[in-house]
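Undergrad: The opening position of the sequence shown corresponds to residue 35 in this note's numbering, with each subsequent residue numbered one higher. Backbone N, C-alpha and C fix where the C-beta goes; we use that ideal spot for every residue, glycine too. Since this is a predicted model, take the numbers as computed values, not measurements. Please read through the structure below; I'll follow up with questions.
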Amino acid sequence: MNDHNSIKSWYWASAGKTLTTATAGIAQDQSFLDLNAKVSDYLGTGWTSATIEKENLISTKNLLSMSSGLDDSLGDEVTPENLQYIADANSRWAYHNVYVKTQDVVAAATGQNWDTYFSENLKDKIGMSGQWISLNNLSVYWSNTRSMARFGLLMYANGTWMKHKLYLKLF
């Protein structure tokens with residue numbers, strides 16, 4: 035369909051949020067990360083342009099559930115200047131690419147860069163191909179259709195792959 039086949043590479047777009055969420059769940063399951071802890075515990079303060087009081091309301095779970103309270107009308111940049119307070123965390127849902135800050139949280143919590151942690155704990159374990167590519171200040175995953183299917187099978191099996199439980203304490 036649309037010129038795709040089993041080996042053609044394509045970007046995951048919004049499905050990359052699911053990969054990020056799954057990887058954050060793995061980090062929590064391995065006791066590196068607490069999804070309910072404030073993002074500032076991992077990234078320090080100043081990762082947004084909100085006041086420290088408002089920034090400290092934002093948990094990693096808020097980033098993943100798109101309830102950070104940050105202004106989604108300013109575009110996809112995830113620089114502090116572009117991450118501005120609009121409402122308290124958990125009081126407003128808005129589709130926003132701020133979820134990519136979760137990749138920084140996972141890297142800080144595990145002491146590994148995002149790509150290494152993702153590869154060792156998810157991608158390589160289920161035999162996915164692909165890579166995270168920086169695109170317009172966002173980290174976007176590219177892989178082939180077979181890799182997308184492998185991840186889909188993992189989700190369908192509630193996180194079990196080849197008789198090994200990988201995680202699945204997502205929320």
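Could you tell me the alpha carbon to alpha carbon distance between G164 and A49, rounded to whole angstroms?
TA: Here residue 164 refers to the residue found at position 130 of the sequence shown. Here residue 49 refers to the residue found at position 15 of the sequence shown. Approximately 14 Å between the Cα atoms of the pair.
Undergrad: Within 10 Å of its beta-carbon, does A47 have 16 or more other beta-carbons around it, so buried, or fewer, so exposed?
TA: Your numbering for residue 47 matches position 13 in the sequence shown. Around the Cβ of A47, a 10 Å sphere holds fewer than 16 other Cβ atoms; the residue is exposed.
Undergrad: Here's the rule: buried if 16 or more other CB atoms are within 10 angstroms of the residue's CB, otherwise exposed. What is K42?
TA: Position 8 of the sequence shown holds residue 42. It counts as exposed.
Undergrad: Y175 to H38, Cα distance in whole Å?
TA: Taking the first residue of the sequence shown as position 1, residue 175 is located at position 141. Taking the first residue of the sequence shown as position 1, residue 38 is located at position 4. C-alpha separation (whole angstroms): 17 Å.
Undergrad: With DSSP run on the structure shown, which of helix, strand or coil describes A191?
TA: Taking the sequence shown and counting its residues from 1, the one referred to as residue 191 is at position 157. Coil.
Undergrad: Taking 7 Å as the limit between beta carbons, can you name the residues of its chain near D110, skipping five residues before and five after?
TA: For the purposes of this step, residue 110 is taken as the residue at position 76 of the sequence shown. Closer than 7 Å at Cβ, skipping near neighbours: N131, N170, N171, L172.
Undergrad: Less than 8 Å between the beta carbons of A183 and A61, yes or no?
TA: Here residue 183 refers to the residue found at position 149 of the sequence shown. Here residue 61 refers to the residue found at position 27 of the sequence shown. No. Outside cutoff.
Undergrad: Please state whether DSSP places N116 in a helix, a strand or coil.
TA: For the purposes of this step, residue 116 is identified with residue 82 of the sequence shown, where counting begins at 1. Reduced to three states, the DSSP call for N116 is helix.
Undergrad: Among L97, S125, M162, which one has its Cα closest to the Cα of Q137?
TA: Position 103 of the sequence shown holds residue 137. Relative to Q137, the option among L97, S125, M162 whose CA is nearest is L97.
Undergrad: Could you pull the start and end residues of the alpha helix (DSSP H) that V174 belongs to?
TA: For the purposes of this step, residue 174 is taken as the residue at position 140 of the sequence shown. From DSSP, V174 is part of no alpha helix (DSSP H) but of the beta strand (DSSP E) over 172-178.
Undergrad: Flag this pair as yes or no: are the beta carbons of Y133 and T54 separated by less than 8 Å?
TA: Here residue 133 is taken as the residue at index 99 of the sequence shown, counted from 1. Here residue 54 is taken as the residue at index 20 of the sequence shown, counted from 1. Contact flag set, yes.
Undergrad: Please report the straight-line C-alpha distance between L204 and G59, rounded to a whole angstrom.
TA: Taking the first residue of the sequence shown as 1, we reach residue 204 at position 170. Taking the first residue of the sequence shown as 1, we reach residue 59 at position 25. At L204 the pLDDT is 36, less than 50, meaning the model places this residue with poor confidence and gives no usable figure here.
Undergrad: Given that a residue counts as buried once 16 or more other Cβ atoms are within 10 Å of its Cβ, and exposed if not, what is G78?
TA: Here residue 78 corresponds to residue number 44 of the sequence shown, with the count starting at 1. Label assigned to G78: exposed.
Undergrad: According to DSSP, is S99 part of a helix, a strand, or is it coil?
TA: One-based indexing of the sequence shown puts residue 99 at position 65. Reduced to three states, the DSSP call for S99 is helix.
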